[in-house]
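> Going by full-length UniProt numbering, the residue at position 186 of the sequence shown is 186; the numbering climbs one at a time, nothing skipped. Backbone N, C-alpha and C define an ideal beta-carbon position, used for all residues, glycine too. I have a structure here, written as structure tokens, and I will follow up with some questions on it.
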Amino acid sequence: MSVAVLIVAAGRGSRAGDGLPKQYRTLGGKPVLTRTLEAFLAHSDVKHTTVVIHPDDRDLYDSSVGALPPRPGKDGVRCAFGGETRQASVLCGLEALTEARPDTVLVHDAARPFVGPDLIGRAIAAGRRGPSVPGVGVTDTIKVISTQSEVLSTLDRSSLRAIQTPQAFPFGELLDAHRKAAASGLRMFTDDGALAEWAGLPVRVFEGEPGNVKLTHPSDFIEAERRLKGQTMTYVTRLGTGFDVHAFTEGDHVWLGGIRIPHDRGVLAHSDGDVILHALTDAILGALADGDIGTHFPPSDQQWRGASSDRFLAHAIGLVRQRGGLVDHLDTTLLCEKPRLGPHREAMRQRIAEIAGLRIDQVSLKATTTEKLGFTGRGEGIAAQAAATIRLPEVHA
Numbered sequence: 001m002s003v004a005v006l007i008v009a010a011g012r013g014s015r016a017g018d019g020l021p022k023q024y025r026t027l028g029g030k031p032v033l034t035r036t037l038e039a040f041l042a043h044s045d046v047k048h049t050t051v052v053i054h055p056d057d058r059d060l061y062d063s064s065v066g067a068l069p070p071r072p073g074k075d076g077v078r079c080a081f082g083g084e085t086r087q088a089s090v091l092c093g094l095e096a097l098t099e100a101r102p103d104t105v106l107v108h109d110a111a112r113p114f115v116g117p118d119l120i121g122r123a124i125a126a127g128r129r130g131p132s133v134p135g136v137g138v139t140d141t142i143k144v145i146s147t148q149s150e151v152l153s154t155l156d157r158s159s160l161r162a163i164q165t166p167q168a169f170p171f172g173e174l175l176d177a178h179r180k181a182a183a184s185g186l187r188m189f190t191d192d193g194a195l196a197e198w199a200g201l202p203v204r205v206f207e208g209e210p211g212n213v214k215l216t217h218p219s220d221f222i223e224a225e226r227r228l229k230g231q232t233m234t235y236v237t238r239l240g241t242g243f244d245v246h247a248f249t250e251g252d253h254v255w256l257g258g259i260r261i262p263h264d265r266g267v268l269a270h271s272d273g274d275v276i277l278h279a280l281t282d283a284i285l286g287a288l289a290d291g292d293i294g295t296h297f298p299p300s301d302q303q304w305r306g307a308s309s310d311r312f313l314a315h316a317i318g319l320v321r322q323r324g325g326l327v328d329h330l331d332t333t334l335l336c337e338k339p340r341l342g343p344h345r346e347a348m349r350q351r352i353a354e355i356a357g358l359r360i361d362q363v364s365l366k367a368t369t370t371e372k373l374g375f376t377g378r379g380e381g382i383a384a385q386a387a388a389t390i391r392l393p394e395v396h397a
């Protein structure tokens with residue numbers, strides 16, 4: 001029974017950074033796609049290999065295939081141009097395989113270069129029995145939440161599986177299912193197993209591999225490099241501080257910690273004037289050594305007039321994660337006579353945790369007065385001082 005592999009490499013992969021689509025980024029001296037192809041070409045049961053690529057990436061694809069060492073099957077690698085979605089790209093690849101008409105087809109993400117021979121063998125065996133997808137047990141507790149981030153339910157993780165690729169199918173069944181979905185105008189499937197389920201095919205789960213990770217974010221590439229070198233991920237701790245102040249003006253509320261607080265004054269500001277979120281943003285940027293809030297959101301730019309400061313903090317958090325880093329703790333002290341922090345403290349902590357994607361115990365919020373001294377003591381304005389503790393990946397030779 002003949003086996004074909006369809007490697008999906010038509011995505012743009014912008015979340016991984018570095019400008020290039022992630023499947024063409026270098027990993028351990030080779031493009032990711034090259035490593036993925038090597039894994040399948042080394043398997044004796046694989047007779048046909050087709051890579052679905054974006055039309056603009058032909059040169060990158062040729063370079064990746066050219067980096068393959070001489071081996072049987074290398075000359076048989078073919079490419080097909082993909083469509084606007086992953087689903088459309090898979091259909092393009094399946095149509096390109098119709099002449100070969102394999103008995104079984106494996107569909108695999110190009111950005112999973114650590115797929116091993118045992119997993120490929122299990123996929124082939126499972127696919128010969130019917131539609132099958134690899135899955136690994138879920139170790140984290142999974143909660144269903146509302147659009148307001150309220151917990152609706154907690155799922156029983158013993159019956160949950162995180163699904164990977166390669167996913168294996170009888171070729172004709174998957175091709176028919178994809179054609180049926182396209183004819184129905186359905187384009188939302190990001191997983192071939194889900195499309196097969198929609199088409200009424202019985203899909204089984206076989207054992208995946210925890211190490212068969214998909215490279216998506218910059219931190220994934222950092223960890224992958226260490227894995228290839230036999231290293232473990234280590235981090236360097238960075239501490240940043242931030243300070244913000246705004247004068248009071250006429251108004252009926254202030255924004256503090258992402259919460260609208262009724263007050264007999266407002267603040268004079270270009271954005272919403274949330275001193276807590278502004279100070280936290282600067283603290284994170286300081287830990288990154290990446291300028292300040294005015295650098296990233298200049299007050300001369302009218303698009304930030306009246307803007308929610310949630311966006312500023314979320315941007316700074318995103319910069320940490322783009323560099324493969326972690327945010328450990330956020331600490332803020334509010335300096336003012338009024339409004340009082342106490343009645344709103346927990347709501348603010350919760351909101352900051354939501355914006356930053358942290359647990360609430362990673363967010364500290366305190367308040368103090370200046371004993372009637374200075375502009376805050378005279379009730380002329382409000383200030384906040386913040387500290388952010390982050391960790392960034394550290395490279396060891």
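Would you please state the rounded distance, in angstroms, between the beta carbons of A4 and F171? I believe it to be under 8 Å.
On the sequence shown, residue 4 is found 4 positions in, with the first residue counted as 1. On the sequence shown, residue 171 is found 171 positions in, with the first residue counted as 1. With a Cβ gap of about 7 Å, A4 and F171 count as contacting.
> Which value, in whole angstroms, describes the spacing of the CA atoms of R351 and I259?
Along the sequence shown, one-based indexing puts residue 351 at 351. Along the sequence shown, one-based indexing puts residue 259 at 259. Answer to the nearest angstrom: the Cα atoms are 7 Å apart.
> So, is A384 buried or exposed, given that buried needs 16 or more other C-beta atoms within 10 angstroms?
Here residue 384 refers to the residue found at position 384 of the sequence shown. The residue in question, A384, is buried, as its Cβ has 16 or more Cβ neighbours within 10 Å.
> How far does the beta strand (DSSP E) with F169 in it extend, from its first residue to its last?
Translated into the one-based positions of the sequence shown, residue 169 becomes position 169. It spans 167-170 - the beta strand (DSSP E) in which F169 sits, taken as one unbroken run.
> In the DSSP assignment, the beta strand (DSSP E) including Y235 goes from what residue to what residue?
Start at 1 with the first residue of the sequence shown, and residue 235 comes out as number 235. Where Y235 is concerned, the enclosing beta strand (DSSP E) stretches over 235-249.
> Would you mind reading off the limits of the alpha helix (DSSP H) that contains G318?
Along the sequence shown, read from residue 1 onward, the residue named residue 318 stands at position 318. Per DSSP, G318 belongs to the alpha helix (DSSP H) from 310-322.
> Check for me: the alpha helix (DSSP H) holding V107 runs from which residue to which?
Locating residue 107 in the sequence shown gives position 107, where the first residue counts as 1. Here V107 belongs to no alpha helix (DSSP H); instead the beta strand (DSSP E) covers 104-109.
> Quick check: what's the CA-CA separation for D59 versus P102?
Indexing the sequence shown from 1 puts residue 59 at position 59. Indexing the sequence shown from 1 puts residue 102 at position 102. Cα-Cα distance, rounded: 28 Å.
> Would you call K22 buried or exposed, if buried means 16 or more other Cβ atoms sit within 10 Å of its Cβ?
Looking up residue 22 in the sequence shown gives position 22. By the neighbour-count rule (16 or more Cβ atoms within 10 Å), K22 is buried.
> In its own chain, which residues sit with a C-beta less than 7 Å from the C-beta of A182, not counting the 5 before and 5 after it?
Position 182 of the sequence shown, counted from the first residue, corresponds to residue 182. Taken in chain order, the residues that qualify are L91.
> Roughly how far, in whole angstroms, is the beta-carbon of V327 from the beta-carbon of L358, given that I think they are within contact range, below 8 Å?
Within the sequence shown, numbered from 1, the residue matching residue 327 stands at position 327. Within the sequence shown, numbered from 1, the residue matching residue 358 stands at position 358. Yes, V327 and L358 are in contact; Cβ-Cβ is about 6 Å, under 8 Å.
> S364 and L330: beta carbons closer than 9 Å?
In the sequence shown, the residue the question calls residue 364 occupies position 364. In the sequence shown, the residue the question calls residue 330 occupies position 330. The answer is yes: Cβ separation under 9 Å.
> If we call anything under 9 Å between Cβ atoms a contact, is G257 one with R204?
Against the sequence shown, residue 257 aligns to sequence position 257. Against the sequence shown, residue 204 aligns to sequence position 204. Contact: no.
> What are the boundary residues of the alpha helix (DSSP H) that L97 is part of?
In the sequence shown, residue 97 corresponds to position 97, counting from 1. From DSSP, L97 is part of no alpha helix (DSSP H); its letter is neither H nor E.
> Given a threshold of 16 other Cβ atoms within 10 Å of its Cβ, counted over all protein chains shown, does G381 qualify as buried or as exposed?
The sequence position of residue 381 within the sequence shown is 381, counting from 1. Buried: at least 16 other Cβ atoms inside 10 Å.
> DSSP on G17, reduced to helix/strand/coil?
Position 17 of the sequence shown, counting from 1, holds the residue named residue 17. For G17, the predicted model reports a pLDDT of 46, less than 50, meaning its position is unreliable and no value from the coordinates is stated.
> Would DSSP call P298 helix, strand or coil?
One-based indexing of the sequence shown puts residue 298 at position 298. Correct three-state label for P298: coil.
> Got a sec, what are the start and stop residues for the beta strand (DSSP E) Q350 sits in?
Within the sequence shown, the letter at position 350 stands for residue 350. From DSSP, Q350 is part of no beta strand (DSSP E) but of the alpha helix (DSSP H) over 345-356.
> By Cβ distance below 6 Å, which residues in the same chain neighbour I124 in space, the five residues on each side in sequence not counted?
Numbered from its first residue, the sequence shown carries residue 124 at position 124. Answer for I124: V3, D45, listed in chain order.
> Anyone know if the C-beta pair for G82 and H108 falls short of 9 Å?
Position 82 of the sequence shown, counted from the first residue, corresponds to residue 82. Position 108 of the sequence shown, counted from the first residue, corresponds to residue 108. No, the pair does not count as a contact, with Cβ atoms beyond the cut-off.
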